[in-house]
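J.: As given, the protein sequences belong to chains D and Y, one line each in that order. Read left to right, the first sequence gives residues 1 to 112 (our numbering). Read left to right, the second sequence gives residues 1 to 112 (our numbering).
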Amino acid sequence: SQQGEEDPQALSIQEGENATMNCSYKTSINNLQWYRQNSGRGLVHLILIRSNEREKHSGRLRVTLDTSKKSSSLLITASRAADTASYFCATLLLGANSKLTFGKGITLSVRP
Amino acid sequence: ETGVTQSPTHLIKTRGQQVTLRCSSQSGHNTVSWYQQALGQGPQFIFQYYREEENGRGNFPPRFSGLQFPNYSSELNVNALELDDSALYLCASTSAGKDTQYFGPGTRLTVL
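Here it is in structure tokens:
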């Protein structure tokens, strides 16, 4: 079963624009993570935000977490063609022994 | 590169056959998780191994089984293959108590 649901399902933007992706989840979490996947290959970890954090930055990435609304957003600033990929949010539930629960993902296309 | 390797890259089997997929974890990691990713979906947790013992299992039937070896590498075995087993199989390694998982490139299994 999918814990997280990302929206939109697909996003197409121009290079240089910002991309905002949202994720909602259902149950209490330990942390929430965002991953990137290129062309159906392995997942690359982007950023992790813990349940007691509200915002985190890493380079061009900014992630927010609202535990009262059970939602998170990932902002990629100044997007590049190389950012074209699928993005997944994944939640680590309390007491889940590192088991990640993923959403269905968002397909981001960045046009040169 | 995450340092996690998987073999083979691609595999074609017929319904009813058995398959073994292999994963070498990143150096220093003692925990391996396996995920199944159907086309257009997010990864689904199959099971996790820690110090050669199964340490959590998702909603998969017993014909999905695994092993972890003393060097922390791991195998995923699937018996009596069904058409719906066609998917990308991902393994991820981490250290116990750490939340970030490092994924391999995956094995693409096609069941005909």
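Glycine residues also receive a C-beta, built at the ideal position from the N, C-alpha and C atoms. Since this is a predicted model, take the numbers as computed values, not measurements.
Just the Cα atoms here: how many angstroms apart are THR110/Y and LEU67/Y?
T.: Using only the alpha carbons, I get a separation of about 22 Å.
J.: Can you find a CB in chain Y that lies within less than 8 Å of the CB of ARG36/D?
T.: Taking Cβ atoms only, chain Y never reaches closer than 8 Å to ARG36/D, which makes this a no.
J.: Would you decide whether ILE12/Y is buried or exposed? Buried here means 16 or more other CB atoms lie within 10 Å of its CB.
T.: Answer is exposed; the Cβ neighbour count stays below 16.
J.: Where DSSP assigns a beta bridge to ILE29/D, which residues make up the other side?
T.: DSSP, once it has assigned bridges, lists LEU93/D as partnering ILE29/D.
J.: Could you check whether VAL63/D and ILE47/D sit closer than 8 Å to each other, using their CB atoms as the reference points?
T.: It is a contact, given that the beta carbons lie within the stated cut-off.
J.: Considering just the uninterrupted stretch of the beta strand (DSSP E) at VAL110/D, what are its terminal residues?
T.: 106-111 is the span of the beta strand (DSSP E), which, as asked, contains VAL110/D.
J.: Three Cβ pairs or more, each shorter than 8 Å: is that satisfied between the region 31-51 of chain Y and the region 94-110 of chain Y?
T.: The region 31-51 of chain Y vs the region 94-110 of chain Y: in contact.
J.: LEU109/Y touches chain D at which residues, Cβ-Cβ below 9 Å?
T.: What LEU109/Y touches in chain D: nothing, since even the nearest Cβ is about 13 Å away.
J.: Span of the beta strand (DSSP E) holding ASN55/Y?
T.: Unbroken beta strand (DSSP E) run through ASN55/Y: 53-57.
J.: Could you have a look at ALA92/Y and say whether DSSP puts it in helix, strand or coil?
T.: If DSSP states are grouped into helix, strand and coil, ALA92/Y belongs with the strands.
J.: Decide if GLU6/D is buried, meaning its Cβ has at least 16 other Cβ atoms within 10 Å, or exposed.
T.: The residue is buried, with at least 16 neighbouring Cβ atoms inside 10 Å.
J.: Taking 8 Å as the CB-CB cut-off, is HIS57/D touching chain Y?
T.: Judged by the 8 Å Cβ criterion, HIS57/D is not in contact with chain Y.
J.: Could you check if GLY42/Y is buried or exposed, using at least 16 other CB atoms within 10 Å of its CB as the buried criterion?
T.: Flag for GLY42/Y reads buried.
J.: Give the residues of chain Y in contact with ASN31/D, contact being defined as C-beta atoms less than 8 Å apart.
T.: By Cβ distance, chain Y contributes ASP99.
J.: Would you say LEU11/D reaches chain Y, if we count a Cβ-Cβ gap shorter than 8 Å as a contact?
T.: No, no contact with chain Y.
J.: THR107/Y lies in the beta strand (DSSP E); which residues open and close that run?
T.: Run containing THR107/Y: 107-111, per the beta strand (DSSP E) assignment.
J.: Buried or exposed: where does THR101/D fall if 16 or more other Cβ atoms within 10 Å of its Cβ makes it buried?
T.: Under this definition THR101/D is a buried residue.
J.: Can you grab the Cα-Cα spacing for the pair ALA87/Y / HIS10/Y, in whole Å?
T.: Taking the straight line from one Cα to the other gives about 10 Å.
J.: Could you check if ARG36/D is buried or exposed, using at least 16 other CB atoms within 10 Å of its CB as the buried criterion?
T.: Flag for ARG36/D reads buried.
J.: Assuming contact is defined by CB atoms lying nearer than 8 Å, are SER86/D and GLY105/D in contact in what I supplied?
T.: Cβ distance < 8 Å, so SER86/D and GLY105/D count as in contact.
J.: Take LEU43/D and list the residues in its own chain whose beta-carbon comes closer than 6 Å to its own, dropping the five residues that flank it on each side.
T.: Contacts found: TYR35, GLN37.
J.: Can you find a CB in chain Y that lies within less than 8 Å of the CB of LEU46/D?
T.: Closer than 8 Å: no.
J.: DSSP puts GLY66/Y in a beta bridge; with which residues?
T.: According to DSSP, which records beta bridges pairwise, GLY66/Y is partnered with LEU76/Y.
J.: Can you find the residues in the same chain that come closer than 7 Å, C-beta to C-beta, to THR67/D, ignoring five residues on each side of it along the sequence?
T.: Cβ neighbours of THR67/D beyond the five flanking positions: SER51.
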